[in-house]
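Asks: Before I ask anything, here is the structure I am working with.
Numbering (the working numbering), first residue to last: 1 to 82.
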């Protein structure tokens with residue numbers, strides 16, 4: 001296996017492990033909209049995240065085409081929007 005594929009596989013494995021531990025720990029139950037991608041015609045998107053005490057998290061994303069502008073927290077700690 002060449003170095004690039006090894007590096008890509010390792011990064012994917014680490015990212016999956018980190019994401020899995022966060023999802024299990026906080027039990028994300030629902031995300032709206034259920035699908036989105038970079039390069040969409042509409043450049044802005046608001047996501048709703050639902051799960052028990054999910055507003056305790058601070059969402060981050062490491063992608064050059066995606067930026068979190070603002071996080072909206074509600075009185076109900078089981079939801080937040082960003």
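Cβ coordinates follow ideal geometry from the N, Cα and C atoms, glycine included.
I'd like the list of long-range same chain contacts for residue 21, defined as Cβ closer than 6 Å, with 5 residues on each side in sequence excluded.
Replies: Here the question's residue 21 lines up with position 21 in the chain shown. The predicted position of residue 21 is uncertain, since its pLDDT is 48 and thus under 50; a value taken from the coordinates is nonetheless stated next. No residues qualify anywhere along the chain.
Asks: Expressed to the nearest angstrom, what Euclidean distance is found between the alpha-carbon atoms of residue 74 and residue 35?
Replies: Taking the chain shown and counting its residues from 1, one reaches residue 74 at position 74. Taking the chain shown and counting its residues from 1, one reaches residue 35 at position 35. Computed Cα separation, rounded: 23 Å.
Asks: In the DSSP assignment, find the beta strand (DSSP E) that holds residue 66 and state where it starts and stops.
Replies: On the chain shown, position 66 is the one that residue 66 refers to. It is not in any beta strand (DSSP E) - residue 66 carries neither H nor E in the DSSP assignment.
Asks: Count the other CB atoms within 10 Å of the CB of residue 61; is the residue buried (16 or more) or exposed (fewer)?
Replies: As a working mapping, residue 61 is identified with position 61 in the chain shown. Classification of residue 61: exposed, given that the 10 Å Cβ count is below 16.
Asks: Please confirm whether residue 78 and residue 58 have their CB atoms less than 8 Å apart.
Replies: Position 78 of the chain shown, counted from the first residue, corresponds to residue 78. Position 58 of the chain shown, counted from the first residue, corresponds to residue 58. Not in contact: residue 78 and residue 58 (Cβ atoms no closer than 8 Å).
Asks: Is DSSP giving residue 21 helix, strand or coil here?
Replies: In the chain shown, the residue the question calls residue 21 occupies position 21. Bear in mind that the predicted position of residue 21 carries a pLDDT of just 48, short of 50, making it unreliable; the figure below should be weighed with that in mind. Note: residue 21 maps to helix in three-state DSSP.
Asks: Under 8 Å between the Cβ atoms of residue 29 and residue 50?
Replies: Stepping through the chain shown from its first residue, residue 29 is reached at position 29. Stepping through the chain shown from its first residue, residue 50 is reached at position 50. Result yes, Cβ atoms of residue 29 and residue 50 sit closer than 8 Å.
Asks: So, are the CB atoms of residue 81 and residue 45 less than 8 Å apart?
Replies: Stepping through the chain shown from its first residue, residue 81 is reached at position 81. Stepping through the chain shown from its first residue, residue 45 is reached at position 45. No, they are not a contact pair.
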